[in-house]
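Written below as structure tokens is the structure these notes are about.
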Amino acid sequence: MKRSVFFCLCALSVTTLFSSAYAATLTLAAPSDAQLPALKKQLAAWQKKTGHQVKIIKLSNASNDVFVQYRTWLASRNNSVDVYKFDSQWVGQLRQHLLDLSQDTTQQQQMFPTVISAYSDQSGKLYGLPYTVGIPLLYYRKDLLDRYQQPVPKTWTEMTRIARYIQQQERAKGQKNLWGYVFQGAAYEGLTANALEWVASYGGGQIVEADGSISINNPASIAALKLAGSWVGSISPIGVVNYKEDDVRGVFQTGNAVFMRHWPAVWNLLQKESGSAVSGKVAVTRLPYEGQGQSAATMGGWGFVASKYSKQSQLAKQLVIYLGSQEAQRISTTYSLPPTYPTLYDDPALIRQFPLLPQLKLAARDLIARPSAQTGQHYPEVSNEFWTAVQRVLQKRQAAPEAVEQLEQRLKRVKGRGW
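Under mature numbering (1 follows the signal peptide of the UniProt record, and there is no 0), read the sequence shown as residues -23 to -1, 1 to 396, first letter to last.
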């Protein structure tokens, strides 16, 4: 009996030594955003399953600041960070610093093609996996549309008319702070996302096409920007040119807008947050289109990549693959983060926790990517030039035809002999 106990203790000791000898700690860098609680829960599940630990480096919530920090670390071949949380548009700019996952997983084949395209190149290399996809929607005050017997708009012209009509009617009743439409109009990446939707939904292309050609200077693009410029001071406040995500939500959530362009993550805030003036009064639909165009939703979202300079490259890959898995995305979906797998949008258990999923699946068909893959390291300049030109139109400092023509010339200079 003593001998049996002795062998059991020895076996236990060897197992303990083996586990501790092979347990490792990875370092993951991520912005301090609203997605952090979901990430922590996913990491806890991975740590429990593998025995490895993950240390999170929390960065700014400002995506531009995060990108600059990442670029600095990667350019210096920093090996202290193993895994990075990436905005989908950053992959094309920094892929030379990232590990290729194409031989390590096939789960990307089950994801939305548009979403996974931001993480791969034409040669088939896979530089990361998406964690969630941002699908912008048109939020609207269902109670106000019902009150004035107005339809849910399908075109931008129709939305403009309805917004103006309800704004006039409500202001006549004393609601002086009500506006028809609010959107992200500040000079930053959010305006690029909004304006790309306007242009693409008019049939005006995607600024720079997949073959690298600059397409922005066309009648459809000009018409789209003309309409957007007409909103400011009419159905949108003059201050919309300074609005970012939280500003837009604040106006809508306090009951001071009929329509709003925003991301799915604000749904729960509008419905559940104490003090919301619009709880139970809101619905969503696809973003409008115009003419020969079709609804276009600029793809947002985040994913994870493994650093080429990690000292634990195989383990870093394993963590990225887990965070991009259906198992992990079942967790994040319960935090109102849309998954990258179409099949999860039909899951009854997930729909009960995130009722927007069926509508989001329809809107996902409208996803378009910003031209970061085709412009590579030049994308920040392209986006900056684009949002600057759009702002001049919104601020009525320049007419749309002139702004678009000058934008085309500036983009040609950025392109030079090639992207």
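Glycine included, every Cβ here is placed at the ideal spot set by N, Cα and C.
Pull up the DSSP beta-bridge partners for residue i, would you.
i: V129; result: None, per the DSSP bridge assignment.
i: K35; result: A7
i: K62; result: F281
i: T262; result: L115
i: P107; result: G280
How close, in whole Å, do the beta carbons of residue i and residue j come, if the pair is a contact with beta carbons under 8 angstroms?
i: residue 430; j: L71; result: In the structure as shown, the chain starts at -23 and stops at 396, and residue 430 therefore has no counterpart that could be examined.
i: P319; j: L337; result: With 8 angstroms as the limit, P319 and L337 do not qualify as a contact, their Cβ atoms being about 10 angstroms apart.
i: A170; j: Y158; result: Actually they do not touch by this definition, with Cβ atoms about 16 angstroms apart.
i: V235; j: L121; result: 6 angstroms
i: S284; j: D42; result: Not a contact, Cβ separation roughly 19 angstroms.
i: K288; j: L76; result: Not a contact, Cβ separation roughly 12 angstroms.
i: W364; j: A164; result: 6 angstroms
i: G181; j: A201; result: 6 angstroms
i: N38; j: S79; result: Not quite, the Cβ-Cβ distance comes to about 32 angstroms (not below 8 angstroms), so this is no contact.
i: I34; j: T4; result: 6 angstroms
i: I193; j: A340; result: About 25 angstroms separates the two Cβ atoms, so there is no contact after all.
i: P130; j: P265; result: 6 angstroms
i: A254; j: T231; result: 5 angstroms
i: R387; j: Q66; result: Not confirmed; about 20 angstroms, so no contact.
i: Q161; j: L155; result: Going by Cβ atoms, the distance from Q161 to L155 rounds to 19 angstroms, so no, they are not a contact pair.
Output the distance between the C-alpha atoms of residue i and residue j, rounded to the nearest integer angstrom.
i: Y220; j: F229; result: 12 angstroms
i: E358; j: G69; result: 14 angstroms
i: S53; j: E267; result: 46 angstroms
i: Y312; j: T27; result: 24 angstroms
i: S272; j: D343; result: 6 angstroms
i: H355; j: K392; result: 8 angstroms
i: S97; j: S349; result: 12 angstroms
i: V282; j: N55; result: 14 angstroms
i: T91; j: A149; result: 45 angstroms
i: V217; j: R374; result: 15 angstroms
i: T49; j: E186; result: 29 angstroms
i: D81; j: G301; result: 13 angstroms
i: V297; j: S290; result: 11 angstroms
i: A7; j: L13; result: 8 angstroms
i: V243; j: R394; result: 42 angstroms
i: I212; j: Q351; result: 35 angstroms
i: K18; j: H29; result: 15 angstroms
i: E362; j: W396; result: 15 angstroms
i: G151; j: M237; result: 21 angstroms
i: E174; j: A11; result: 25 angstroms
i: T(-9); j: E222; result: In this prediction, T(-9) scores a pLDDT of 38, lower than 50, which makes its location untrustworthy; no coordinate-derived value is stated.
i: R138; j: Y322; result: 33 angstroms
i: I93; j: Y125; result: 42 angstroms
i: L327; j: W133; result: 32 angstroms
i: P325; j: T310; result: 12 angstroms
i: G278; j: T109; result: 5 angstroms
i: K25; j: Q330; result: 24 angstroms
i: S256; j: A205; result: 28 angstroms
i: A274; j: A(-1); result: 43 angstroms
i: I184; j: S360; result: 9 angstroms
i: K102; j: R390; result: 29 angstroms
i: A376; j: T317; result: 39 angstroms
Which of the three DSSP states, helix, strand or coil, is assigned to residue i?
i: residue 404; result: Nothing in the structure corresponds to residue 404, since the chain is present only between -23 and 396.
i: T2; result: strand
i: L76; result: coil
i: A254; result: coil
i: A274; result: strand
i: G69; result: helix
i: W156; result: strand
i: Q30; result: strand
i: S(-5); result: Annotation note: pLDDT 40 at S(-5) (below 50); position unreliable, coordinate value reported separately. If DSSP states are grouped into helix, strand and coil, S(-5) belongs with the helices.
i: R54; result: coil
i: T82; result: coil
i: E135; result: helix
i: D324; result: coil
i: L314; result: coil
i: Y286; result: coil
i: K294; result: helix
i: P335; result: helix
i: Q269; result: coil
i: K18; result: helix
i: Q330; result: helix
i: Q303; result: helix
i: A242; result: coil
i: W23; result: helix
i: Q44; result: Checking the sequence, you will find Phe at residue 44 rather than Gln. It is helical.
i: K102; result: coil
Could one say the Cβ of residue i lies closer than 8 angstroms to chain D's Cβ atoms, at least one of them?
i: L168; result: Chain labels in this structure do not include chain D; a single protein chain is all it has.
Shorter than 7 angstroms, the distance from the beta carbon of residue i to the closest heavy atom of the ligand ADP, or not?
i: R394; result: For the ligand ADP, the structure offers nothing, since it holds no ligand at all.
Q. At which residue ranges does the stretch 338 to 393 contain complete alpha helix (DSSP H) runs of 4 or more residues, listed in the order of the chain?
A. Those alpha helix (DSSP H) runs which fall completely within the stretch 338 to 393 and span 4+ residues are 349 to 352, 356 to 371, 377 to 392.
Q.
Quick check on the DSSP output: what are the complete alpha helix (DSSP H) runs of length 4 or more inside the stretch 159 to 240, in order along the chain?
A. Fully enclosed alpha helix (DSSP H) runs of 4 or longer: 166 to 178, 196 to 208, 222 to 230.
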